[in-house]
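Visitor: Supplied in structure tokens, the structure appears directly below.
Residue numbers (my numbering): 6 to 271.
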């Protein structure tokens, strides 16, 4: 029987599907690989395990939430598979620290990356990186989600200032079906959102705004840095609590490895 070549320098909770058909999980202490099916390798902690496999379970010990690492054929992401134990904010989460809540990573070319947020989030920060699989620049939009359905009414507005080694300027977009957060072939960036209740703004359902920055490489090698501010200029049916996540949607398929990560303060 051939020897199993386990990964070097494993981390606690790391899952490895060996060539003999057995799935192993690294446990420390005592620092050993243990055998078992993926369904048996539930990991407990405030951050997800490294190198998860499809159907891996993760119990978020701070939020009281069980997640499963789900592959839908285009991307892999942590998705809730049980309701949270409570809607009260744990004391450990009231320290103003951003924590990774969910992420999506394409395992094959795809046009959508989606992440979830908790209903009591005080702050949401998204980070993303992508390369499209074509030979042209692409427009990628960020949309809010309600119960897994994109909020795509044409009420997204964004203003941006941009600059490169040879040029600079600014532009505004309104009446969009999403926030236009990149124009390039390859890029990365971040977006931070803020929420205001309807009693403060007069908008039924509340008000959503945000700001961010991204860096892109365009076809032909042009490099541009863009800073932007954004808002959703309409009432939100169901209120702010109805917003369950965000997604990036592209016109040209993004390559495997493109990602969207969601960090929150609750």
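Heads up, the beta-carbon is just placed ideally off N, CA and C, and yes, glycines get one too.
1) Flag this pair as yes or no: are the beta carbons of residue 259 and residue 128 separated by less than 7 Å?
2) If we count the other Cβ atoms within 10 Å of its Cβ and call it buried at 16 or more, is residue 86 buried or exposed?
3) Is it true that the region 221-235 meets the region 158-173, where meeting means three or more beta-carbon pairs spaced less than 8 Å apart?
4) Ordered along the chain, which non-local residues of its own chain (more than five positions away) have a Cβ less than 7 Å from that of residue 252?
5) Is DSSP giving residue 102 helix, strand or coil here?
6) For residue 234, name the three-state secondary structure that DSSP assigns.
7) Any contact between the region 254-268 and the region 138-146? By contact I mean 3 or more CB pairs, one from each, below 8 Å.
8) Roughly how many whole angstroms lie between the Cα atoms of residue 72 and residue 174?
9) Considering just the uninterrupted stretch of the beta strand (DSSP E) at residue 49, what are its terminal residues?
10) Use the C-beta contact count for residue 235: other C-beta atoms within 10 angstroms, 16 or more gives buried, fewer gives exposed.
11) Please name the residue in 246, 139 and 19 whose C-alpha comes closest to that of residue 29.
12) Which two residues bound the contiguous beta strand (DSSP E) that contains residue 81?
Guide: From the atom records:
1) As a working note, residue 259 is residue 254 in the chain shown. As a working note, residue 128 is residue 123 in the chain shown. Taking 7 Å as the Cβ cut-off, residue 259 and residue 128 do not qualify as a contacting pair.
2) The residue you call residue 86 lines up with position 81 of the chain shown. With fewer than 16 Cβ atoms within 10 Å of its Cβ, residue 86 is classed as exposed.
3) yes
4) On the chain shown, position 247 is the one that residue 252 refers to. Closer than 7 Å at Cβ, skipping near neighbours: 117, 118, 119, 148, 150 and 155.
5) As a working mapping, residue 102 is identified with position 97 in the chain shown. In the structure shown, residue 102 sits in coil (DSSP, three-state: anything other than H, G, I, E or B).
6) Counted from its first residue, the chain shown places residue 234 at position 229. Strand at residue 234.
7) yes
8) Residue 72 sits at position 67 when you count from the first residue of the chain shown. Residue 174 sits at position 169 when you count from the first residue of the chain shown. Straight-line Cα distance between these residues: approximately 44 Å.
9) Against the chain shown, residue 49 aligns to sequence position 44. It spans 48-50 - the beta strand (DSSP E) in which residue 49 sits, taken as one unbroken run.
10) Counting from one through the chain shown, the residue named residue 235 turns up at place 230. Buried is the call here.
11) Translated into the one-based positions of the chain shown, residue 29 becomes position 24. With distances taken between Cα atoms, residue 29 lies closest to 19.
12) Looking up residue 81 in the chain shown gives position 76. Its beta strand (DSSP E) spans residues 80-85.
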